[in-house]
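Numbering-wise (my numbering), the sequence shown opens with residue 23 and increments by one.
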Amino acid sequence: MNSSPSKPDSAAGSAAKTVDWSNFRDHIATADEQGRRKWIYPRKVSGPWFRRRTWFSWLLLFIMFAGPFLTIHGNPLLLMNVVERKFVVLGQIFWPQDMIIFAVALLLFAVGIIVFTTAFGRLWCGWACPQTVMMEMVFRKVEYAIEGDAPNQRALNRAPWTPGKVFKKALKHGLFFALSFAVGNVLLSYIIGWQALYQIITDPPAQHLVGLGFMLAFALLFYGIFARFREQACTFVCPYGRLQSLLLDENSIVVAYDYKRGEKRGPRRRAQQFGERRYAGLGDCVACNQCVSVCPTGIDIRNGTQMECVHCTACMDACDTVMDKTGSPRGLIRYASLNGIERRQALRFTPRLAGYVVVLAVLATVLGLMLYLRSDVEATVLRAPGSLFQQMPDGHFSNLYTVRVVNKTSREMPVELRLENPAGSLSVMGQGRIVVAPQKLSENSVLIELEPAAMKSGATPLVLGVYSDGKKLETLKTAFIGPRN
Ligand code: SF4
Ligand code: SF4
23 MNSSPSKPDS AAGSAAKTVD WSNFRDHIAT ADEQGRRKWI YPRKVSGPWF RRRTWFSWLL
83 LFIMFAGPFL TIHGNPLLLM NVVERKFVVL GQIFWPQDMI IFAVALLLFA VGIIVFTTAF
143 GRLWCGWACP QTVMMEMVFR KVEYAIEGDA PNQRALNRAP WTPGKVFKKA LKHGLFFALS
203 FAVGNVLLSY IIGWQALYQI ITDPPAQHLV GLGFMLAFAL LFYGIFARFR EQACTFVCPY
263 GRLQSLLLDE NSIVVAYDYK RGEKRGPRRR AQQFGERRYA GLGDCVACNQ CVSVCPTGID
323 IRNGTQMECV HCTACMDACD TVMDKTGSPR GLIRYASLNG IERRQALRFT PRLAGYVVVL
383 AVLATVLGLM LYLRSDVEAT VLRAPGSLFQ QMPDGHFSNL YTVRVVNKTS REMPVELRLE
443 NPAGSLSVMG QGRIVVAPQK LSENSVLIEL EPAAMKSGAT PLVLGVYSDG KKLETLKTAF
503 IGPRN
């Protein structure tokens, strides 16, 4: 964005540079020369791309809002409970013990994004990012419905405060806050589960002051983002947006202006024929600025690919409408690669993309194997804190242990512990047998007795087997402490 050369500041030795305001790469479209925010009023857009995105957004919004209530095998679709360290993805519960799987899955996700972005640019941002979907398909539509299209919004903001203006602004911001509250609660239910959220809402407020505080904080956060911060979130905050310059190359598919076809741009005279324009050295761009006026980030795509562009396709629709009116073929602004426009090349499978795909395939295989080999239970054994050993009246020695068993399945699981080496006896204190509830952890005190002949001086290695329905699930190793000879 700030890559073009700029004049040095007059102050000698100062590292600050003056901004070249004639160069779009030297400043952002949403700040003026005093550094103040320039509010973007994008015009309403319509057209086939917008219709496709609208349908897709409805689907995504349905999944997003219904997600906390959808279950697979009784588990939620997605739960990121960092407080209780419980994570559920597509109905699969991941415990803190599964963090390696989780780390590989995150790595796979990151590489997937790199491959996808290298090939298809910011398709994600324009079509599926919750920020774009909520902003352009929900909040923006509410704004259009109440305040009208961009010129009306501008006029309303300049107008003095009349009862009508107060009503419109109060209605808009009231609805914005209600929507933000709903979005905040959806996010909260992905963190703590909808049942816990329901409890916070229905219990007396004094019982859930922290929970209520989070509900309000999330609502205010989203209200701030969608009512004020808007496109700045994509430009300044989103790390994915900032990575574009690293990930995109001349073969990546982006929303692009076909400058070969469009330049030299110039207004079209009434009844001017295509051939006449060409003869006059003009291209298909009639300099109507419709592509700029619909852009929610305030940029001019004719300047080339820019960091601010979220590939929302609005300029494609706007320009296609103009092309229809001027009788020129659609697609002056379209999905295309730089090579596609400059050299008319089709999408190429470059060595860089091939390398990413290989890494992706390796990670996917590793993750698949890890999931396949993941045990249904996770057990750990620790010596009971503060205990050493005891000698029984019959001469046997005993050690006390704590055995924790996590049941990762969604069914109740009877678990049997067997002392496999050396010979001795093992008894579970209290209940005698272990039955672990679905998705729960069971902690048990276990007493192991060995006769002196089976023991070594000091510490004797022990091997325990964890069984369920006669099938061995895991092997545990620990030490049995006894007297030194
Ligand atoms: S909408 Fe199309 S014709 Fe109009 S200025 Fe943009 S690129 Fe040119
Ligand atoms: S340049 Fe076009 S695709 Fe990019 S953000 Fe603006 S309107 Fe959307």
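Note that the Cβ used here is the ideal one computed from N, Cα and C, for glycine as well.
Check your understanding: Nearest CA to the CA of Ser-397: which residue from Lys-39, Gln-114, His-95, Arg-47?
Key -> Gln-114
Review point. Phe-91: buried (16+ other C-beta within 10 angstroms of its C-beta) or exposed?
Key: exposed
Check your understanding: Around the Cβ of Gly-57, are there at least 16 other Cβ atoms within 10 angstroms (buried) or fewer (exposed)?
Key -> exposed
**Study point:** Straight-line Cα distance separating Leu-268 from Leu-385
**Key:** Their Cα atoms are separated by approximately 22 Å.
Practice item. Go through its chain and collect everything with a Cβ distance to Ile-123's Cβ below 6 Å, but skip five positions before and after it. Key: Met-392
Review point. To which residues of the same chain is Ala-501 closer than 7 Å at the C-beta, ignoring the five residues directly before and after it?
Key: Ala-481, Thr-482, Pro-483, Leu-484
Point to revise | Assigned exposure category for Asp-280 - 16 Cβ within 10 Å defines buried | key: buried
Review point. So with Cβ pairs under 8 Å, would you call Ser-490 a contact of chain D?
Key: Given the protein chain composition of this structure (a single chain), no chain D is represented.
**Study point:** Buried or exposed (CB count within 10 angstroms, at least 16 for buried), Leu-112
**Key:** Exposed, since its Cβ has fewer than 16 Cβ neighbours within 10 Å.
Check your understanding: Quick one: Cα of Glu-55 to Cα of Trp-61, how far?
Key -> 14 Å
Practice item. Could you check which residue in Cys-307, Arg-440, Phe-142 has the C-alpha nearest to that of Val-332? Key: Of all alpha-carbon atoms in Cys-307, Arg-440, Phe-142, the one lying nearest the alpha-carbon of Val-332 is that of Phe-142.
Exercise for review: Run the proximity test for Asn-325: is its beta-carbon closer than 7 Å to any non-hydrogen atom belonging to ligand 1?
Suggested key: no
Exercise for review: Tell me where the alpha helix (DSSP H) around Phe-189 begins and ends.
Suggested key: Per DSSP, Phe-189 belongs to the alpha helix (DSSP H) from 185 to 214.
Practice item. Please specify which runs of the alpha helix (DSSP H), each continuous and at least 4 residues long, are wholly inside the stretch 341 to 408, giving them in chain order. Key: 360 to 364, 373 to 395
Practice item. Check whether the Cβ of Thr-348 sits closer than 7 Å to any heavy atom of ligand 2, and report yes or no. Key: no
Check your understanding: Is Ile-321 near Ala-51, with beta carbons less than 8 Å apart?
Key -> yes
Exercise for review: Figure out for me which residue from Val-277, Ala-200, Thr-257, Lys-191 has the closest Cα to the Cα of Phe-240.
Suggested key: Restricting attention to Val-277, Ala-200, Thr-257, Lys-191, the CA atom closest to the CA of Phe-240 is found in Ala-200.
Review point. Count the other CB atoms within 10 Å of the CB of Lys-39; is the residue buried (16 or more) or exposed (fewer)?
Key: exposed
**Study point:** C-beta atoms of Cys-317 and Arg-324 nearer than 8 Å
**Key:** no
Exercise for review: May I ask whether a heavy atom of ligand 2 can be found less than 7 Å away from the beta carbon of Ala-172?
Suggested key: Incorrect: Ala-172 has no Cβ contact closer than 7 Å to ligand 2.
Check your understanding: Since Ala-476 and Gly-446 are thought to touch, with beta carbons under 8 Å apart, how far apart are those beta carbons, to the nearest angstrom?
Key -> 6 Å
Review point. What are the partner residues of Lys-494, as DSSP defines its beta bridges?
Key: Tyr-489
Exercise for review: Would you check if the distance between the CB atom of Val-488 and the CB atom of Ala-401 is smaller than 8 Å?
Suggested key: Yes. Within cutoff.
Check your understanding: So is Asp-306 buried or exposed if we call it buried at 16+ other beta carbons inside 10 Å?
Key -> buried
Practice item. Using the Cα positions of Phe-84 and Glu-438, report the straight-line distance between them to the nearest angstrom. Key: 44 Å
Check your understanding: Quick one: Cα of Pro-227 to Cα of Pro-152, how far?
Key -> 30 Å
Exercise for review: Kindly list the residues whose CB is nearer than 7 Å to the CB of His-418, restricted to its own chain and excluding five residues on each side of it in sequence; keep chain order.
Suggested key: Glu-471, Leu-472, Glu-473
Point to revise | ligand 2 heavy atom lying under 7 Å from the CB of Thr-431 | key: Result no, Cβ not under 7 Å from ligand 2.
Point to revise | Buried or exposed (CB count within 10 angstroms, at least 16 for buried), Leu-395 | key: exposed
Check your understanding: Who pairs with Glu-471 in a beta bridge, going by DSSP?
Key -> Ser-420, Ser-447
Point to revise | Length-filtered (3 minimum) beta strand (DSSP E) runs lying within the stretch 109 to 174 | key: 114 to 116
Check your understanding: Just curious, the beta strand (DSSP E) that Tyr-63 is in, first and last residue?
Key -> Tyr-63 -> no beta strand (DSSP E), and no H or E assigned at all.
Practice item. With DSSP as the reference, label Val-437 as helix, strand or coil. Key: strand
Exercise for review: Could you spell out where the beta strand (DSSP E) holding Ile-323 opens and where it closes?
Suggested key: Where Ile-323 is concerned, there is no enclosing beta strand (DSSP E), given that its DSSP letter is neither H nor E.
Review point. Below 8 Å, can you find three or more Cβ-Cβ pairs linking the stretch 97 to 111 to the stretch 200 to 220?
Key: yes
Check your understanding: Just to check, is the beta-carbon of Ile-355 closer than 7 Å to a non-hydrogen atom of ligand 1?
Key -> yes
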